[in-house]
Every structure is written in C-alpha cells, then in structure tokens.
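The structure appears right after this line, and notes come after that.
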Amino acid sequence: MNIHVELPENKEEISVRIDEAKEIRSIVEKNNLNKCLEVGLAYGMSANYILSASSTVRLTSLDPFQKSDYNNLGLANIQQNGYSDRHIHIDKLSSIALPEMLSAGEKFDFVFIDGDHKFEAALMDFIYAAELVEIGGFIVVDDLWMRALQLVKEYVKRNRPDFQEVKLNSVNLFAFKKISEDQRDGMFFREFYTRKGFLKYHLNRLAWEDKTVFGKLIKQVKNIVRGR
Ligand SMILES: C[S@@+](CC[C@H](N)C(=O)[O-])C[C@H]1O[C@@H](n2cnc3c(N)ncnc32)[C@H](O)[C@@H]1O
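In short: position in the sequence shown from 1, add 105, done, that's the working numbering.
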C-alpha cells in the first residue's frame, strides 16, 4: 500500500521513523485492533500508518498544536491518503482530552503515546491510556532513547501487573498489553528507579554525544564489543 506523508525540509526527526511506523502498524494489523487513539499528531506519520493497518481502523488523534506548529499538514496528509473519514482530530492537550474521554466512558483497543515527552506528561498519558484501553488491548510508546521514557517503561514493568511487556524489534519503541483489571491495593509501590538504569543511560549518552575523551573511549569499547 502506498502511503505518502509530506514533511517539510529538515523536520524528519519530529516523526516516527518509517521502520517504527511499520512496526506500529503491524501491531494494529496482527492483533485486529480497530479503535485506536494517538497522543501527538504532528505531520501524521504514525497516524497514517495506523490508519493503513485495515479499512476498519478508526483513529482519534490528540494534538492542540496542529494548526499553530504544523500548519495542519498532519491533517492534510491524512486527507491525501484518503483516511479522513476514519479519523477524528481533537485539538486539545492530552491532559484535558484524556480525562474527558474517560468520563465519557470511551474505550480503545490501541493507544500510541508520542506527545509531550516530559516524564510526568508521558507517565500521565500512560496512566489515562491504561484506563481507556480494553483488556487485550495495547499501549505503544515512542522515544525510548530518552531517559524520561525509560523511566516510564520501568514504572510500568515494576508497578503494573495488569500490563505485560510486548517485545518489539524497534529499540526506540516499547509496548505493553493489558492483561487484567488493575487489582493493586492503594499502598502498592515497587521501586522503579535503579542505579543500573541511570548509569547505563548516562554512559550511552556520553558515547553517542561523542564529545569528551571518556565518551569517545566508551564508544570505542562498545564498537569493539559489537565487532565493528
Ligand atoms: C514527536 S511529535 C509526534 C510525531 C507523530 N507521532 C508522528 O509520527 O508523525 C509530538 C507531537 O505531540 C504534540 N504534543 C505536545 N504536547 C502535547 C500534549 N500535551 N497533548 C497532546 N499533544 C501534544 C506536539 O504538538 C507534536 O505534534
């Protein structure tokens, strides 16, 4: 299937990569997920791939900056690919729209989170998504390269027995399947911040920034270990 997503020059990094978009689509397709929700539309890369998974997919996107920051290009890309009749755009912050959807009793099979990437914002998106998604449904989150998102993933792994991690090919996405209702008591807490996670992230960061002598050294060691 031919999907065309027009992006302004030098703005490619805002969107999910094509291989990530394809992996997101394949989760929707393989699991027959129809009612989909996305936080963060931007130029519509992930939205178009989700909508292309099947002619029965319906997608709601939340993004209050579509007009001001993206000149409505995400919506134009969806229209160009012929998906507008299966797409709803809500021009609101997720912190406003998600609780509204919850109180309206809405339910989804699939939620993709790629909006505000601050720790508390992404965690809040996950917490609402966890309420909105049906048992058997999936939540996928982008940008695992960021420490804030790594911590959101660790929180879910250790604190949400109602979710099971789904292994993905993309190292920059993570996914969880809802397997039961939330049965934790009100005192439940498992530590999710670890020194190992902190060290791993900061050593990796020094290596990919490649600016300091120590960073260059770590990069070399990593390349030797990987046989490059
Ligand atoms: C990384 S971009 C999304 C890329 C998009 N998923 C794609 O693949 O093309 C992040 C988007 O989240 C939107 N955003 C930022 N904060 C938000 C919030 N609090 N609620 C909803 N959307 C938000 C931004 O306007 C931006 O369009």
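Where is the CB? At the ideal position from N, CA and C, for every residue including glycine.
On a predicted model such as this, the values are computed, not experimentally measured, just so you know.
* Ser275 CB to nearest heavy atom of ligand 1 below 7 Å -> no
* To do: Return the bridge partner residues of Ser166 from the DSSP annotation.
  => Glu143 and His194
* **For Glu205, the first and last residue of its enclosing beta strand (DSSP E)** => That residue, Glu205, is in no beta strand (DSSP E); its alpha helix (DSSP H) goes Ser199 to Ser208.
* Asked: In its own chain, which residues sit with a C-beta less than 8 Å from the C-beta of Ile129, not counting the 5 before and 5 after it?
  -> Val121, Ser151, Tyr154, Ile155, Phe217, Val245 and Leu278
* To do: Using 7 Å as the cut-off, classify the Cβ of Ser151 as near or not near the heavy atoms of ligand 1, replying yes or no.
  => yes
* Three or more C-beta pairs closer than 8 Å, one from the stretch 132 to 148 and one from the stretch 177 to 190: is that the case here? -> yes
* **Terminal residues of the beta strand (DSSP E) in which Asp124 lies** => Counting along the chain, Asp124 falls outside any beta strand (DSSP E), though it belongs to the alpha helix (DSSP H) covering Ile123 to Lys135.
* Decide yes or no for the touch test of the stretch 261 to 279 against the stretch 315 to 322: beta carbon pairs closer than 8 Å, at least 3 of them. => no
* Out of Leu308, Arg289 and Val110, which has the shortest C-alpha to C-alpha gap to Asn186? -> Val110
* Asked: Looking at Phe243 and Ile329, is the spacing between their C-beta atoms short of 8 Å?
  -> no
* Asked: DSSP beta-bridge partners for Gln269?
  -> Lys282
* Leaving out five residues before and five after Trp250 in sequence, what residues of the same chain have Cβ atoms less than 7 Å from its Cβ? -> Asn277
* Asked: Relative to ligand 1, is the shortest distance from any of its heavy atoms to the C-beta of Ala226 smaller than 7 Å?
  -> yes
* **Ile183 - containing alpha helix (DSSP H), residue span** => Leu178 to Gln185
* So Ser199 packs on Asp230, CB below 8 Å; how close in whole Å? -> 5 Å
* Asked: What residue range is occupied by the uninterrupted beta strand (DSSP E) comprising Glu239?
  -> Val238 to Asp247
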